[in-house]
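*Asks:* For the sequence shown, our numbering begins at 8 and goes up steadily by one.
All C-beta atoms in this analysis are idealised placements derived from N, C-alpha and C, irrespective of residue type, glycine included.
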Amino acid sequence: MDVGGLGQSAFEVGYVDEDRVRRREALAACWTLRFERLSPVRTVKSYKGQRSVTRDYWAATTAGQLSCESHLERHHAMLMDFDPQVTGLVGQPFRLFWPGRPSGTRPGLLRSV
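1. With contact counted as at least three CB pairs below 8 Å, one residue from each stretch, are the region 38 to 52 and the region 92 to 101 in contact?
2. For the region 24 to 68, which segments carrying the beta strand (DSSP E) assignment without a break, of at least 3 residues, lie completely within its bounds, in sequence order?
3. Checking the sheet assignment: what are the DSSP bridge partners for residue 94?
4. Using the C-alpha atoms, what's the distance from residue 27 back to residue 17?
5. Return helix, strand or coil for residue 77, following the three-state DSSP convention.
6. Take residue 119 as the anchor and find which of 110, 44, 23 has the nearest alpha-carbon.
As structure tokens, then:
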């Protein structure tokens, strides 16, 4: 789906705030949020027979654990963790909604520089 012509008002962001309350707001209202300081929107789960490997990675950047859904995601997290320009790193930071995608999508990782 081409979302280029929708404009930012068509997008919404779902996140978990500082009080651990789920929120859903217009994208424009979320520009100043520091997602790396908030809780993930979902936990990474593993189950028997799963084809990908989930791992927790201890990130020096945040001095905490970061849940990764695959080896590739963990490797990306490790590379970002060694980058001195990266000041924040978080997994499953928010859910992005737009028309035609009512279930939204969740980025695996978000970094701040």
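*Replies:* Once the coordinates are examined:
1. Judged by Cβ distances under 8 Å, the region 38 to 52 makes contact with the region 92 to 101, as three or more pairs qualify.
2. DSSP runs (the beta strand (DSSP E)) wholly in the region 24 to 68: 29 to 33, 62 to 66.
3. Here residue 94 is not bridged, per DSSP, to any residue.
4. Roughly 25 Å between the two C-alpha positions.
5. Looking at residue 77 - three-state DSSP - the assignment turns out to be coil, as it is neither helix nor strand.
6. It is 44 whose Cα lies nearest to the Cα of residue 119.
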